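> Please see the structure below; I have some questions.
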Amino acid sequence: AQPQPRSLVEAATLEGHEERVWSLSWHPEHQCLATCSSDQTVKIWNYENDQFVNQFTLKDGHTKSIRSVDWNPNGKTLASCSFDGTAALWNFEDGEFECVATLEGHENEVKCVSWSQDGKYMATCSRDKNIWIWDTNDSFEYEC
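Here the sequence shown stands for residues 1 to 144, numbered as in full-length UniProt numbering.
In structure tokens form, the structure reads like this:
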């Protein structure tokens, strides 16, 4: 006899973005979720009292739709990328998120961002048919 598949049940619906939601990323350590949208915002949702609460809304990092988000495995840095051709890095310190770097270079919309398992490298891919691998360090200098 084959094992029965486990059923999935909707646990929550997160509402708050004003336009299409493109991507999400679970925090590597905490019950926290980042989402991004065509409304040019990233929202951070914390799980509190059996529900998800929009704790932070990150604005001013991009000028067009934000297509992808990904937490660095260290849990301190969130990357986002956008149709404006950039990737942005957000750090959480002293109870606030700050955009600490904007990475430029792609000739077209950046579609996806992803960290390596050790957090040393970040990859971006674009409609310009290129994948860039960024080498990171703690001083927020990024080289492709």
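Ideal Cβ positions, reconstructed from N, Cα and C, are used throughout, including at glycine.
In this text, all values refer to a predicted model and were calculated from it rather than measured experimentally.
In this structure, what does DSSP give as the bridge partners for Phe92?
DSSP output for Phe92 lists Phe97 as bridge partner(s).
> Excluding the 5 residues flanking Thr57 on each side, which residues of the same chain have their C-beta closer than 7 Å to its C-beta?
Thr41, Lys43
> Please identify the residue among Glu18, Ala123, Phe97 whose C-alpha is closest to the C-alpha of Glu104.
Ala123
> By DSSP, does Asp70 sit in helix, in strand, or in coil?
strand
> Thinking just about the alpha-carbon of each residue, which of Ala34, His106, Asp50, Ser82 is nearest to the one in Lys76?
Ala34
> Do the CB positions of Trp132 and Arg67 come within less than 8 Å of each other?
In this structure, Trp132 sits away from Arg67, with a CB-CB distance that is not shorter than 8 Å.
> Hey, Asp39 and Glu18: beta-carbon distance below 8 Å or not?
yes
> Along the chain, where does the beta strand (DSSP E) containing Asn54 start, and where does it finish?
51-58
> Report the partner residues of Asn46 according to the DSSP bridge assignment.
Cys32, Val53
> For Asp94 and chain B, any beta-carbon pair shorter than 8 Å?
No chain B appears in this structure, which consists of one protein chain only.
> Please tell me whether Glu107 and Asp128 are closer than 8 Å, where the distance is taken between their beta carbons.
For Glu107 and Asp128, yes; Cβs fall inside 8 Å.
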